[in-house]
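Residue numbers (UniProt numbering): 1 to 267.
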């Protein structure tokens, strides 16, 4: 890896480090994998293609999520059973999303997801999570968590959206979870699904190992910091910050949907 970095030059190293530091903090703060940050940054500043950026991001997120889980688990803010149920659904849903990719209109799916984010953003202004609340696991909530995991996996396979963007608000709004437990649980749920995706991308040679390694190592520094900040800020302020993050995600999705629609018309 060291020789590869020398061949790339110091600028590439600085870019990868900066991307890792930013995405790590966002991951710890919001309970997301960081792919929604890493992918556009790699495409913009490292000039990666979409597939290489997505594959590299997925490989680096494994370590990021693991560090985030440790940070939240140290304060008892991870629901292990809920994460397992979500992960089971996610593993089932991801390949379904990949299969549906060629059958459904990508732009329509993106607009539906943008609508979902708008509803979530509006709801977060009125529902302030209880920091002492967890997820009450019953037979029905267990089934519901698996279903949420399936939907999350499908959307991930269809449009590449990270699981945390869906899981965190759903755990807060639908299951009454603390925002901190939701973030810690979301990060844990991502690990098995991300490992599966990373394995597939490695086989398809869609991972830049050097970039993934540098980004992942940089996130180790800032992910715990993001988790600390998440625990310190007021729950309502945490909601507002998450809404701001979702606005960026919704804007990205809307932009991609518009581009897809234009391309379809041109064809």
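Note that CB positions come from ideal geometry on N, CA and C, so glycine has one too.
Asked	Found
What's the call for residue 262, buried or exposed, on a 16-neighbour Cβ count within 10 Å?	exposed
Using the beta-carbon count (16 or more within 10 Å), is residue 203 buried or exposed?	exposed
How long is the line joining the alpha carbons of residue 198 and residue 70, rounded to whole angstroms?	21 Å
What do you get for residue 47, buried or exposed, if any count of 16 or more other CB atoms within 10 angstroms of its CB means buried?	exposed
Please name the residue in 37, 64, 85, 15 whose C-alpha comes closest to that of residue 187.	64
Provide the residue span of the alpha helix (DSSP H) that contains residue 204, from first to last.	Unbroken run through residue 204: none, as it is neither H nor E.
In chain order, which beta strand (DSSP E) runs of at least 3 residues are fully inside the region 115-161?	none
Short of 6 Å in beta carbon distance, which residues of its chain neighbour residue 90, apart from the five on each side in sequence? Order them along the chain.	149, 152, 153, 193
Quick one: what's got a C-beta closer than 6 Å to residue 124's C-beta in the same chain, skipping five residues either side?	239, 243
Quick check on the burial criterion: 16 or more other C-beta atoms within 10 angstroms. Buried or exposed for residue 11?	exposed
Could you have a look at residue 103 and say whether DSSP puts it in helix, strand or coil?	coil
Please determine, among 168, 39, 166, the residue with the shortest C-alpha to C-alpha distance to residue 208.	39
So, for residue 173: in the same chain, excluding its five sequence neighbours on each side, which residues have a beta-carbon less than 8 Å away from its beta-carbon?	120, 123, 124, 127
By how many angstroms is the C-alpha of residue 26 removed from the C-alpha of residue 114?	20 Å
Using only CA atoms, which one of 264, 107, 77 lies nearest to residue 255?	107
Can the beta-carbon of residue 24 be found less than 9 Å from the beta-carbon of residue 223?	yes
When we look at the beta-carbon of residue 214 and count the other beta-carbons within 10 Å, is it buried (16 or more) or exposed?	buried
For a test of the three-state rule: what should DSSP assign to residue 50, helix, strand or coil?	helix
With distance defined between alpha-carbon atoms, name the residue in 22, 109, 55 nearest to residue 260.	109
Check residue 175 in the structure and name its three-state DSSP category.	coil
Do residue 16 and residue 211 count as a contact pair if the criterion is CB distance below 9 Å?	yes
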